[in-house]
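These notes concern the structure reproduced below.
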Amino acid sequence: MNLLESLVMLTSTARLASHLHTTSKNLYVTTVVVFCCLIVAQITTKNAPAEEPTLEIGSRRELFVDGGLIDRLDGNVRLQMHRPIPREVAIVHDAPWEGTGSGYHSIFQDGPMYRMYYKAWHLDAQKGKLNSNRHPLYCCYAESRDGIHWQKPKLGIHEHDGSTKNNIVAAPGTHPPLNVDPGHPAVFRDENPSAAPDAKYKAIFRSSNPNGLLPFKSPDGLHWSPMTDKPILSGIGAFDSQNLAFWDPTIGKYRAYWRIFTAGVTSKALTSRSRSSRPLFKKPG
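With positions in the sequence shown counted from 1, the corresponding number in this note's numbering is that position plus 8.
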């Protein structure tokens with residue numbers, strides 16, 4: 009081999025070595041880049057907020073009071089409250105056992121009928137004074153076939169002013185020693201599949217001494233009896249409003265909502281609380 013051939017071979021060997029070194033270096037760099045990308049992807053996936061499961065509401069109606077059930081609002085779409093439209097008066101509380109203080113209506117459909125329960129009370133305002141002692145607070149009942157035309161049946165259950173020809177279904181002093189205030193009623197048909205036949209309808213009435221909410225039951229929505237002799241909710245509210253309760257089939261529990269005072273009687277003190285519990289209307293023991 010002459011000198012020229014030796015130089016050519018050395019040059020080729022050097023180029024091969026350089027190529028191998030460059031290839032190895034590029035491979036190393038590529039491996040490092042891929043590894044770093046995998047680490048970043050793993051960290052990003054780990055720190056990314058978990059995707060909330062889709063809420064299946066089926067065919068039931070839902071009230072869109074906030075964005076809880078809304079995936080997105082596109083364009084000019086926005087949430088807006090329906091504007092009230094004045095219509096004719098559907099029911100008047102003008103009986104002697106009713107009056108100007110009537111309110112807190114509970115209305116629900118029960119088969120072909122609509123049932124209504126409400127507070128019956130009268131307030132007199134004379135010479136700047138408010139008189140609320142004309143008669144006790146009652147819970148009264150009305151029914152309708154269309155939800156517009158209402159009838160007040162003469163039930164003959166409770167007496168007012170010497171007569172039982174009225175639509176009173178709950179009155180104070182009828183379940184001693186319980187001190188029941190039926191003037192803050194919340195009545196509902198219990199859709200719990202496990203509800204007993206004699207507890208097809210349920211209600212919560214305010215009680216005092218102790219202050220709280222008492223559960224009541226009824227087989228027909230007219231004749232009521234207490235389920236316990238102690239409040240199911242007490243010491244956590246004023247309860248001087250329409251305190252609500254109902255069976256929620258979605259979670260398989262009863263829900264209750266009531267009003268509390270947190271800082272005395274001020275404009276900022278009116279709040280509400282809620283609680284859900286399966287045995288909310290279950291008799292202890």
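Each residue gets a CB set at the ideal place from its N, CA and C atoms; glycine is no exception.
Keep in mind it's a predicted model, so treat the numbers as computed, not measured.
Item: Can you tell me the Cα-Cα spacing of Y209 and L163, whole angstroms?; Value: 17 angstroms
Item: Output needed for H183: all residues of its chain with C-beta closer than 8 angstroms, excluding positions within five of it in sequence on either side, in chain order.; Value: S233 and P234
Item: What does the alpha-carbon distance come out to for the pair S114 and Q88?; Value: 25 angstroms
Item: Of all the options P223, P193 and S216, which has the alpha carbon lying nearest to the alpha carbon of A207?; Value: P223
Item: Apart from the five residues on each side of it in sequence, which residues of its chain come closer than 7 angstroms, Cβ to Cβ, to D189?; Value: L145, P180, F213, R214, S215 and S216
Item: Would you kindly work out how many angstroms separate the C-alpha atoms of I78 and D132, rounded to a whole number?; Value: 47 angstroms
Item: If we count Cβ pairs, one from each stretch, closer than 8 angstroms, do we get three or more for the region 106–123 versus the region 91–98?; Value: no
Item: Since P184 is in the beta strand (DSSP E), which residue starts that stretch and which ends it?; Value: Premise fails: P184 is in no beta strand (DSSP E) and is neither H nor E.
Item: Would you mind sorting D123 into buried or exposed? The rule is 16 or more other CB atoms within 10 Å of its CB.; Value: Residue identity check: residue 123 is Arg in the sequence provided, not Asp. R123 should be labelled buried.
Item: Residue range of the beta strand (DSSP E) that K127 falls in?; Value: M121 to A128
Item: Anyone know if the C-beta pair for F116 and R197 falls short of 8 angstroms?; Value: yes
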